[in-house]
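Residue numbers (the working numbering), protein chains in the order written: chain A, 1 to 422; chain B, 423 to 695. Some notes on the structure that comes next.
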């Protein structure tokens, strides 16, 4: 299987500055793929370029030459001398190339383990290849297996379970406190990318009214507009606590903006319906003592990071299961590949015919018991002769050394035509 | 007919195993298996009780074994209903083993065959027993949910999101189901007490005779009444409600077992071994 080759670099082998230079802009991918596949050494090729990786998957009868050509191609396309990135490149062949593709698609090789986007990116890379007809029997089969394996990994392992970003972790927690986030009222205090992202997630979960408090009222008004929310004055926070369920705080305040005593009074007013504080600010906005009040829960940024670390640990455990699924898939793929050889295919075809002939012959002879032994033998000989005649031309074609046909196409076709893989 | 009870026990135990597997592995098929096994056990158990009923003309509640059997039956039936209504899968790991344990104890204790007792042949008594036991079953579930609430609350407050955090439902959901259980239990217990009064009047000529079980049932009733009052008018919810549900259950257990072993009264014989 040494004719299947993967060359590339990713976030582990290349720093971001290098990846930026190597990445192929989205509009150029088709042109790049066409140029790559036009190289005479290439039989098949697929090009994958994301912000974390640039990879070329190819099939060539002369893999060593193809590797050199691909390096030159990458250098030309990125306008970088080969020495600048050669050490960052990894090259896999055969089993290892197949395994690498499976692992990437299953998100085992991702920067954030288990993130789901990579599969879609591979799908569009493959789509580009099929549309430009740069993929053939081997890569088609390989990519179909890849999608199958990635799907299996996602459904049979927990690789994609549990939040691994601050804002998602907060949402997940919210759903363990409140059963559903629908119609939960939210108070955003201050501003900041992470806090705003959390609010957006909450809105996507159909949260109710959004209140926005800011030291400068004008900023609050603008932010409230963004979320279709209501701006309130900073002094009104305590009053608003009576109505909201989730408080996201992210101010630059040096001191706590809410203290235990204040919230305790509020809890009485809200008849103990739960309050969830998400404190993203450093230094903290919410007095951690509030967490000790009944029915109120406080998570600060470190707590959320702790949750994420735990979740990532879980994903790593699940990744071990995924590796097993992939090992199995690599073996299966190699079996298919090896069967694509000429001799096994001819043997399988002949034995399939003989099986059919034998069973039919037996059926017929059962009904013709009166036939003498000689006649029976004659019939058996005739059937055998037919098989030999039928096999003659396919055998010759498959064994021919003609270079202008892609043999794997014929082999694959034969195997499918006669259902030899069952 | 004891083979019916035996079959029900086996099904309850298998159901408990199914729910436990669901709790550990979180695969829906285990939950399904647990549920259907429990329902099958419940059906056989119902037939067993009805058979006893048809033999003697009243519910078989002559001794502790027989009452435990009814208790296990009530828990199984009520939990099955709750699972359908609230999708309360996770409680199976609590309810199914309890049903199994109660029924196993029932089978071990019931050595004598069911016997008829004239005094038990009353329409009112039938409702008294059924409503009281179903009410007790509802309180039993409330206690289990209360425990689950405390475990989950601890996980969230302490920020240790391990084994339980992932498996247990949201606090608000647990809290509202505790409430639902207590409301149902309280309603049934109230009906049970009233039918009991009427029955007492028909048998002993008076509604109330300061029998210890009566007194303790009254205390249980007051306790749950306080819980409901606290919730509705004072907003006792979450942790407080969960702890109350557990305390209520402890008192209930004393009413069920303790009174009979420690004190004497006219409920005595039904719950003596």
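No residue lacks a Cβ here, since even glycine has one placed at the ideal position from N, Cα and C. These numbers were taken from a predicted model, which means no experiment stands behind them.
Beta-carbon proximity of residue i to residue j, cut-off 8 Å
i                      : j                      : result
residue 240 of chain A : residue 187 of chain A : yes
residue 542 of chain B : residue 467 of chain B : no
residue 453 of chain B : residue 514 of chain B : yes
residue 50 of chain A  : residue 322 of chain A : no
residue 379 of chain A : residue 398 of chain A : no
residue 585 of chain B : residue 574 of chain B : no
residue 564 of chain B : residue 607 of chain B : yes
residue 293 of chain A : residue 263 of chain A : yes
residue 488 of chain B : residue 544 of chain B : no
residue 39 of chain A  : residue 69 of chain A  : yes
residue 153 of chain A : residue 325 of chain A : yes
residue 280 of chain A : residue 195 of chain A : yes
residue 1 of chain A   : residue 297 of chain A : no
residue 424 of chain A : residue 340 of chain A : Residue numbering for chain A in the displayed model covers 1 to 422; residue 424 of chain A lies beyond these limits and cannot be assessed.
residue 382 of chain A : residue 350 of chain A : no
residue 434 of chain B : residue 521 of chain B : yes
residue 667 of chain B : residue 604 of chain B : yes
residue 136 of chain A : residue 285 of chain A : no
Integer Cβ distance of residue i from residue j, believed to fall under 8 Å
i                      : j                      : result
residue 578 of chain B : residue 177 of chain A : 7 Å
residue 670 of chain B : residue 561 of chain B : 6 Å
residue 118 of chain A : residue 146 of chain A : With a Cβ gap of about 11 Å, residue 118 of chain A and residue 146 of chain A do not count as contacting.
residue 683 of chain B : residue 558 of chain B : Their Cβ separation, rounded to whole angstroms, is 17 Å, which puts residue 683 of chain B and residue 558 of chain B out of contact at 8 Å.
residue 45 of chain A  : residue 36 of chain A  : 5 Å
residue 431 of chain B : residue 518 of chain B : That belief does not hold up - the Cβ atoms of residue 431 of chain B and residue 518 of chain B are roughly 12 Å apart, past 8 Å.
residue 394 of chain A : residue 414 of chain A : 7 Å
residue 57 of chain A  : residue 101 of chain A : 6 Å
residue 681 of chain B : residue 638 of chain B : 5 Å
Residue nearest to residue i in terms of C-alpha spacing, selected from the options
i                      : options                       : result
residue 192 of chain A : A:204, A:68, A:203 and A:219  : A:219
residue 449 of chain A : A:407, A:134 and A:167        : Here chain A covers residues 1 to 422 and nothing more, so residue 449 of chain A does not appear.
residue 253 of chain A : A:287, A:366, A:147 and A:275 : A:287
residue 329 of chain A : A:160, A:170, A:303 and A:106 : A:106
residue 212 of chain A : A:181, A:224, A:206 and A:416 : A:224
residue 571 of chain B : B:675, B:659, B:452 and B:445 : B:659
residue 14 of chain A  : A:87, A:70 and A:56           : A:87
residue 139 of chain A : A:60, A:181 and A:159         : A:60
residue 429 of chain B : B:508, B:657, B:455 and B:465 : B:465
residue 175 of chain A : B:597, B:591 and B:599        : B:591
residue 227 of chain A : A:2, A:383, A:207 and A:110   : A:207
residue 160 of chain A : A:116, A:332 and A:78         : A:116
residue 65 of chain A  : A:91, A:54, A:98 and A:83     : A:91
residue 475 of chain B : B:457, B:508, B:551 and B:443 : B:551
residue 48 of chain A  : A:297, A:10 and A:333         : A:10
residue 471 of chain B : B:501, B:427 and B:672        : B:427
residue 609 of chain B : B:576, B:597 and B:644        : B:644
residue 269 of chain A : A:341, A:217 and A:243        : A:243
residue 524 of chain B : B:661, B:478 and B:438        : B:438
residue 4 of chain A   : A:312, A:113, A:32 and A:96   : A:96
residue 149 of chain A : A:103, A:164, A:312 and A:386 : A:103
residue 615 of chain B : B:599, B:633 and B:522        : B:633
residue 199 of chain A : A:25, A:277 and A:345         : A:277
Residue i CB to nearest heavy atom of the ligand COA below 7 Å
i                      : result
residue 615 of chain B : No copy of the ligand COA occurs in the structure displayed, which carries no ligand at all.
Bridge-paired residues (DSSP) for residue i
i                      : result
residue 276 of chain A : A:246 and A:297
residue 213 of chain A : A:189 and A:232
residue 10 of chain A  : A:53
residue 90 of chain A  : A:8
residue 45 of chain A  : A:58
residue 258 of chain A : A:286
- Of all the residues that make up the region 176–210 of chain A, which are near chain B by a beta-carbon distance shorter than 7 Å? 176, 177, 178 and 179
- Query: Name the residues in the region 647–678 of chain B whose C-beta lies less than 8 Å from a C-beta of chain A; which are they?
  - Reply: 656, 657, 658, 659, 660, 661 and 662
- Message: Closer than 7 Å between beta carbons: that is the criterion. Which residues of the region 566–582 of chain B meet it against chain A?
- Response: 578, 579 and 581
- Task: Report the residues of the region 339–363 of chain A with a CB closer than 9 Å to any CB of chain B, ordered along the chain.
- Result: none
- Item | Residues, ordered as in the chain, of the region 86–110 of chain A that lie near chain B by beta-carbon distance below 8 Å | none
- Query: Relative to chain B, which residues along the region 300–314 of chain A have a C-beta separation below 7 Å, given in chain order?
  - Reply: 303, 306, 307 and 310
- Query: What are the residues of the region 583–595 of chain B that lie near chain A, defined by any Cβ-Cβ distance shorter than 9 Å?
  - Reply: 583, 584, 587, 588, 590, 591, 592, 593, 594 and 595
- Could you name the residues of the region 271–284 of chain A whose beta carbon sits closer than 9 Å to any beta carbon of chain B, in the order they occur along the chain? 271, 272, 273 and 274
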